[in-house]
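Read in order, the letters of the sequence shown are residues -17 to -1, 1 to 132 in mature numbering (1 follows the signal peptide of the UniProt record, and there is no 0). This report concerns only the one structure given below.
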Amino acid sequence: MFLYYLFLTHIIYITNAAVDIKGLTKAELAELEQKTMTECLKKHSVNETLLSEFLNEETSESTSKEFKCVLGCYTEEMGYGKDKKPQWDVMEEVHKIEYDNDEDKEKALKIVKTCKTIVPEEVEDSCELGFAMHSCYLDQSKKVGLLLV
């Protein structure tokens, strides 16, 4: 279950964290994602259960400001978003690391392409950006049949 949500928002914050994602292994990336999500959950006083319920579409509490800010924190810290704007190129690079199977890699890149047309180019704050990106990604992964890792 924990790995399931790690895949949901694969983000690396290149500019501020000075992380070169091209040098990371799949295991190192997963470890960074886990650590970042844990820190964001703690920072915004949200428990992991709520995150799991969101991923399984079991709760309406996932639209609370606190929960959206967890996703925003993760998005910003990992680099999927910067200055309230999505960083789709970073997501594409992350997918190249995460997926070994070419078919799954293509599905992931298709999701990025689709979400580029759905998620606004700029939003009011990082909380809304994180929520919009995560919601799109979760919805689109189901549509293309991509198992979240």
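Every residue, glycine too, gets a C-beta built ideally from N, C-alpha and C.
Contact check for LYS51 against CYS119 fails: the beta carbons are separated by 7 Å or more. No Cβ-Cβ contact shorter than 7 Å links LYS68 with GLU107. Straight through space, the alpha carbons of VAL95 and VAL77 are spaced by roughly 11 Å. Taking every protein chain shown into account, the CB of THR100 has fewer than 16 other CB atoms within 10 angstroms, so this residue is exposed. Taking 8 Å as the upper bound for CB-CB distance, MET61 and GLU16 are in contact here, some 7 Å apart. Looking at the DSSP output, LYS68 shares a beta bridge with LYS65. Secondary structure note for GLY113: its alpha helix (DSSP H) is the uninterrupted segment 109 to 127. Taking all protein chains in view, the Cβ of LYS48 is surrounded by fewer than 16 other Cβ atoms within 10 Å, so the residue is classified as exposed.
In the structure shown, TYR82 falls within a coil segment according to DSSP collapsed to helix, strand and coil.
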